[in-house]
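Quick notes on the structure that follows.
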Amino acid sequence: MPLSQPRTDALVDRAVAGDPAAIASLVQAHGPLVYSLSRRLTPDADDAYQEVWEKVLKALPRFDPGGSASIRTWIVTITHRHLVDRHRRRQVRGEIVPLTGLAAHQEAPGVALDRGRRQARLERALRTLPEPQRRVVVLHHVQGLSLQDIAATERVAVGTLKSRLHRGRAALARRLGATP
Amino acid sequence: MTDHEQLSMLLDGELAEPEAQALQDRIAAEPALAQVWATMQALPAALADLPELAPPPELDALVLGDPQALQHASPARWTWAPLALMAAVVLLAFWPRPAPEVLIVTGHQRLSGELSLLAGDVRVELDGEADLFVEPVNPLLRESAPEDPTMTKKQLLAGLAGAAVTVIVYEGTAVLHAADADPVALGAGDQHTLRAQDDPTAAPIARTTRTAAGDDAEALQAEIASLNEQLEAARFHQAMAKGQLASHEGTPQPWPDDLPEALRPDAFSAAVAAAMEGFDDLELVSVECDEFPCFAVIESNNRTEEWGDQLDAVGERLSDAYKETLGTDDVGTGHWRSHYGEDGVDVRIEGMVLGTPEMADDDTKTRTSFRVDSTMKDLAEDRMAEETQAAEE
Numbered sequence: 000m001p002l003s004q005p006r007t008d009a010l011v012d013r014a015v016a017g018d019p020a021a022i023a024s025l026v027q028a029h030g031p032l033v034y035s036l037s038r039r040l041t042p043d044a045d046d047a048y049q050e051v052w053e054k055v056l057k058a059l060p061r062f063d064p065g066g067s068a069s070i071r072t073w074i075v076t077i078t079h080r081h082l083v084d085r086h087r088r089r090q091v092r093g094e095i096v097p098l099t100g101l102a103a104h105q106e107a108p109g110v111a112l113d114r115g116r117r118q119a120r121l122e123r124a125l126r127t128l129p130e131p132q133r134r135v136v137v138l139h140h141v142q143g144l145s146l147q148d149i150a151a152t153e154r155v156a157v158g159t160l161k162s163r164l165h166r167g168r169a170a171l172a173r174r175l176g177a178t179p
Numbered sequence: 000m001t002d003h004e005q006l007s008m009l010l011d012g013e014l015a016e017p018e019a020q021a022l023q024d025r026i027a028a029e030p031a032l033a034q035v036w037a038t039m040q041a042l043p044a045a046l047a048d049l050p051e052l053a054p055p056p057e058l059d060a061l062v063l064g065d066p067q068a069l070q071h072a073s074p075a076r077w078t079w080a081p082l083a084l085m086a087a088v089v090l091l092a093f094w095p096r097p098a099p100e101v102l103i104v105t106g107h108q109r110l111s112g113e114l115s116l117l118a119g120d121v122r123v124e125l126d127g128e129a130d131l132f133v134e135p136v137n138p139l140l141r142e143s144a145p146e147d148p149t150m151t152k153k154q155l156l157a158g159l160a161g162a163a164v165t166v167i168v169y170e171g172t173a174v175l176h177a178a179d180a181d182p183v184a185l186g187a188g189d190q191h192t193l194r195a196q197d198d199p200t201a202a203p204i205a206r207t208t209r210t211a212a213g214d215d216a217e218a219l220q221a222e223i224a225s226l227n228e229q230l231e232a233a234r235f236h237q238a239m240a241k242g243q244l245a246s247h248e249g250t251p252q253p254w255p256d257d258l259p260e261a262l263r264p265d266a267f268s269a270a271v272a273a274a275m276e277g278f279d280d281l282e283l284v285s286v287e288c289d290e291f292p293c294f295a296v297i298e299s300n301n302r303t304e305e306w307g308d309q310l311d312a313v314g315e316r317l318s319d320a321y322k323e324t325l326g327t328d329d330v331g332t333g334h335w336r337s338h339y340g341e342d343g344v345d346v347r348i349e350g351m352v353l354g355t356p357e358m359a360d361d362d363t364k365t366r367t368s369f370r371v372d373s374t375m376k377d378l379a380e381d382r383m384a385e386e387t388q389a390a391e392e
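For the protein sequence lines, the chains are R and F, in the order given.
Note that numbering that gives the first Met the number 0 has the first sequence beginning at 0, numbered continuously upward.
Note that numbering that gives the first Met the number 0 has the second sequence beginning at 0, numbered continuously upward.
Rendered as structure tokens:
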């Protein structure tokens, strides 16, 4: 999913200025991005989704519409950081229990789930990866982030990320067999 | 390295020419490997083609605090959508552990695995999969200061006394322990609700019911008001949980304006690297400087009993170097050293912090300890997962 959309527009400017309607539009426009990352990268997506938006909306006045990052890239970065933080907190306090499974959400009303059998298989295979591997696979291949950008947010060496990426892709290829 | 990992590297052009050629020859000669290679080549496009997933409408409504939007949420979710926000889970166990201890504050959670948890004042022992619902919010909590980090777990639990706890077991077994009552054992397919004894201080349970389209608008408004009340309570609970966490995690520390240059990230990284010179068994995994102070994470490949000696030596070198640089003896190193091992997997990690007067206050120590501890456990889990996966392959 490319991140190279127009860097900013009037909607963002209005949202940054605190216009409620613009903020609602912003949530609507980028909600699928945040939710996709939350669903794919954390076992408790609904909580993560709300927490990310809480952070995004709180930080919105500090977003610079004239800066180098697009609003989409900015939101991805906040989401990524938050999910890494959640993962680390879980390591400290114990294992978080898996919540609603993928199959259940596929049936949830209002959720766009027009995906083919191959995509469903790929989603299931993704969920079997350890979280650090899944993060780099999803952020690099699904969201199109560079390994350098991911490494900067995760605060690990690019070499470490490459190792995770290769292990993650190897596991995916093994689980998908000959028909990814 | 497995064939699959080598193919992944081949895909990125990261194999040296002789290795790449050898692998290409094998792909040409081995149909099974050729199939894996085709799968690997197709992976990036398949991943990039994954669609974005739209959030359920009520989630956005919660984000925006929009009751009108909640009106349009699916009826089945009405009862629990606001309560989903209440699902603030405070996990109390420390890793590694066989069965995590979980404190469910209130709300609805799908649970699976071997768990021991507190739901209100009911202890639930689960080995399997179950849904758990906890309601309502006791008004005692509302009278307490939100985000009060001094509130103890005991006070929190006391405030939650009076909750009704419902467990529905899908797989395995669950045992419910309530005060002054015999334990209740449940098997797959069982559902049981434990209601607290009448509590004169408790607010009435704000139950919502489904309202068909066209029903009386007044009833709908009352239902929305009830949902908003629950939402407000949920936010309070979330704040409570965050307050509890803050006392454990400390608060992020700003970088002091007058911090010596030698203690800033680049200089610290260079100093650690210099202190590690000559120790081939040690690898500097990362230097974490997202908050003050920096700390180093070092992995040891020394599998002897003396592995800690090398790390002690690095600490001494680092400490000595800083004593000289800063011109004071009031410098030392802090070490978080962990050895994780099970089923043939062996991971040895150290978090190393330089102790200076700038980081002597309790909050900085608490925060630093939390950061180092969580980073090391994250790394350890990552390493162990990788090694386990490699062993499986």
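All C-beta atoms in this analysis are idealised placements derived from N, C-alpha and C, irrespective of residue type, glycine included.
Item to check | Backbone secondary structure at Met351(F) - three-state DSSP | outcome: Counting from 1 along the second sequence, the entry for residue 351(F) is found at position 352. Note: Met351(F) maps to strand in three-state DSSP.
Checklist entry - Which residues in the same chain as Ala295(F) place their Cβ atom closer than 6 Å to its Cβ, once the five residues preceding and following it in sequence are excluded? => result Here residue 295(F) is taken as the residue at index 296 of the second sequence, counted from 1. Cβ neighbours of Ala295(F) beyond the five flanking positions: Val271, Val286 and Met351.
Next on the checklist: Considering only the alpha carbon of each residue, which of Met375(F), Leu10(F), Arg370(F) and Leu262(F) lies closest to Thr355(F)?
Outcome noted: Your numbering for residue 355(F) matches position 356 in the second sequence. Of the candidates Met375(F), Leu10(F), Arg370(F) and Leu262(F), the one whose C-alpha sits nearest the C-alpha of Thr355(F) is Leu262(F).
Next on the checklist: Please list, in chain order, the chain R residues whose beta carbon lies closer than 9 Å to that of Leu175(F).
Outcome noted: Sequence index remark: in the second sequence, residue 175(F) carries index 176 (1-based). Residues of chain R passing the Cβ test: none, with the nearest at roughly 17 Å.
Next on the checklist: What would DSSP say about Glu276(F), mapped onto helix, strand or coil?
Outcome noted: Within the second sequence, numbered from 1, the residue matching residue 276(F) stands at position 277. Looking at Glu276(F) - three-state DSSP - the assignment turns out to be coil, as it is neither helix nor strand.
Next on the checklist: Going by DSSP, what residue range makes up the alpha helix (DSSP H) through His29(R)?
Outcome noted: Within the first sequence, residue 29(R) is the residue found at index 30, counting from 1. Note, His29(R): alpha helix (DSSP H), Pro19 to Leu40.
Checklist entry - With respect to the beta strand (DSSP E) encompassing Thr192(F), which residues constitute its N-terminal and C-terminal limits? => result Working through the second sequence from its first residue, we reach residue 192(F) at position 193. If you look at Thr192(F), you'll find it in the beta strand (DSSP E) that goes Gln190 to Leu193.
Item to check | Chain-order list of residues whose beta-carbon lies under 7 Å from that of Val96(R) (same chain, five-residue window excluded) | outcome: Position 97 of the first sequence, counted from the first residue, corresponds to residue 96(R). Low confidence applies here, because Val96(R) scores a pLDDT of 30, under 50, leaving its location unreliable and the question unanswered by this model.
Item to check | C-alpha distance - Ala170(R) paired with Gly176(R), whole-angstrom precision | outcome: Reading the first sequence from its first residue, position 171 is the one you call residue 170(R). Reading the first sequence from its first residue, position 177 is the one you call residue 176(R). Spanning the two alpha carbons is a distance of roughly 10 Å.
Checklist entry - Between which two residues does the alpha helix (DSSP H) containing Thr38(F) stretch? => result Walking along the second sequence from the start, residue 38(F) turns up at place 39. Here the alpha helix (DSSP H) through Thr38(F) covers Pro30 to Ala47.
Checklist entry - In three-state DSSP terms, what is Thr172(F)? => result Translated into the one-based positions of the second sequence, residue 172(F) becomes position 173. Strand.
Checklist entry - Closest Cβ-Cβ distance between Leu144(R) and chain F: below 7 Å? => result Counting from one through the first sequence, the residue named residue 144(R) turns up at place 145. Not one chain F Cβ lies under 7 Å of Leu144(R).
Item to check | Contacting positions in the stretch 36-52 of chain F - beta carbon closer than 8 Å to chain R | outcome: For chain R, the residues of the stretch 36-52 of chain F that bring a beta carbon within less than 8 Å of one of its beta carbons are Ala37, Thr38, Met39, Ala41, Leu42, Pro43, Ala45, Leu46, Ala47, Asp48, Leu49, Pro50, Glu51 and Leu52, in chain order.
Item to check | DSSP state of Val313(F) mapped onto helix, strand, coil | outcome: By 1-based counting over the second sequence, the position of residue 313(F) is 314. Val313(F): helix per DSSP, three-state reduction.
Next on the checklist: DSSP three-state label for Gly307(F), please.
Outcome noted: Working through the second sequence from its first residue, we reach residue 307(F) at position 308. In this structure, Gly307(F) counts as helix in the three-state DSSP scheme.
Checklist entry - DSSP three-state call for Ser162(R): helix, strand or coil? => result As a first step, residue 162(R) is located in the first sequence; it is residue number 163 there, counting from the start. Ser162(R): helix per DSSP, three-state reduction.
Checklist entry - Should the stretch 128-143 of chain R be regarded as contacting the stretch 46-53 of chain F, the criterion being three or more beta carbon pairs within less than 8 Å? => result yes
Checklist entry - If you draw a straight line from the alpha carbon of Arg174(R) to that of Glu380(F), how long is it in whole angstroms? => result As a working note, residue 174(R) is residue 175 in the first sequence. As a working note, residue 380(F) is residue 381 in the second sequence. Their Cα atoms are separated by approximately 21 Å.
Checklist entry - Are the CB atoms of Thr332(F) and Gly314(F) nearer to each other than 7 Å? => result Residue 332(F) sits at position 333 when you count from the first residue of the second sequence. Residue 314(F) sits at position 315 when you count from the first residue of the second sequence. Yes; because the gap between Cβ atoms is below 7 Å, this pair is in contact.
Item to check | Whether Asp280(F) touches Ser268(F) by CB criterion (7 Å) | outcome: Stepping through the second sequence from its first residue, residue 280(F) is reached at position 281. Stepping through the second sequence from its first residue, residue 268(F) is reached at position 269. For Asp280(F) and Ser268(F), no; Cβs fall outside 7 Å.
Checklist entry - Which value, in whole angstroms, describes the spacing of the CA atoms of Glu305(F) and Val26(R)? => result To locate residue 305(F), count along the second sequence from 1; it is residue 306. To locate residue 26(R), count along the first sequence from 1; it is residue 27. The alpha-carbon atoms of Glu305(F) and Val26(R) are separated by roughly 55 Å.
Item to check | Buried/exposed call for Thr152(R), threshold 16 Cβ in 10 Å | outcome: Here residue 152(R) refers to the residue found at position 153 when the first sequence is read from its first residue. Answer is buried; the Cβ neighbour count reaches 16.
Checklist entry - Are there three or more Cβ pairs, one per stretch, closer than 8 Å when the stretch 21-32 of chain F is compared with the stretch 154-165 of chain R? => result no
Next on the checklist: Does any residue of chain R have a CB that is nearer than 7 Å to the CB of Asp59(F)?
Outcome noted: As a position in the second sequence, residue 59(F) is number 60, starting the count at 1. Closer than 7 Å to some Cβ of chain R, the Cβ of Asp59(F) qualifies, so yes.
Checklist entry - Quick one: what does DSSP say Arg302(F) is sitting in, helix, strand or coil? => result Taking the first residue of the second sequence as position 1, residue 302(F) is located at position 303. Arg302(F) falls in the coil class under three-state DSSP.
Next on the checklist: Under 8 Å, with one C-beta from each stretch per pair, do the stretch 129-136 of chain R and the stretch 34-41 of chain F reach the 3-pair mark?
Outcome noted: no
Item to check | Rounded straight-line distance, which links the Cα of Arg168(R) to that of Ser183(R) | outcome: Outside the shown range of chain R, which is 0 to 179, sits residue 183(R), and nothing can be said about it.
Checklist entry - Does the Cβ of His403(F) have 16 or more other Cβ atoms within 10 Å, making it buried, or fewer, making it exposed? => result Residue 403(F) falls outside the range modelled here, since chain F spans only 0 to 392, and no answer is possible.
Checklist entry - Does Ser268(F) get closer than 7 Å to chain R when you measure Cβ to Cβ? => result On the second sequence, position 269 is the one that residue 268(F) refers to. It does not; no Cβ of chain R falls within 7 Å.
Item to check | C-alpha distance - Leu378(F) paired with Ala14(R), whole-angstrom precision | outcome: Reading the second sequence from its first residue, position 379 is the one you call residue 378(F). Reading the first sequence from its first residue, position 15 is the one you call residue 14(R). Their backbone Cα atoms lie some 38 Å apart in a straight line.
Checklist entry - Residues bridged to Arg336(F) by DSSP? => result For this step, residue 336(F) is matched to residue 337 along the second sequence. Bridge partners of Arg336(F): Glu349(F).
Checklist entry - Are the beta-carbon atoms belonging to Ala187(F) and Val174(F) less than 7 Å from one another? => result Mapped onto the second sequence, residue 187(F) falls at position 188. Mapped onto the second sequence, residue 174(F) falls at position 175. Their beta carbons are not under 7 Å apart, which means Ala187(F) does not touch Val174(F) by this criterion.
Next on the checklist: I need the DSSP call for Phe369(F), collapsed to helix, strand or coil.
Outcome noted: On the second sequence, position 370 is the one that residue 369(F) refers to. If DSSP states are grouped into helix, strand and coil, Phe369(F) belongs with the helices.
Next on the checklist: Give me the DSSP bridge partner(s) of Ile297(F).
Outcome noted: Here residue 297(F) refers to the residue found at position 298 when the second sequence is read from its first residue. Beta-bridge pairing links Ile297(F) to Leu283(F) and Glu349(F).
Item to check | Neighbour flag for Ser318(F) against chain R, beta carbons, 7 Å | outcome: Along the second sequence, one-based indexing puts residue 318(F) at 319. Judged by the 7 Å Cβ criterion, Ser318(F) is not in contact with chain R.
Checklist entry - the stretch 26-38 of chain R: which residues have C-beta closer than 8 Å to a C-beta of chain F, in chain order? => result Val26, Gln27, Gly30, Pro31, Leu32, Val33, Tyr34, Ser35 and Arg38
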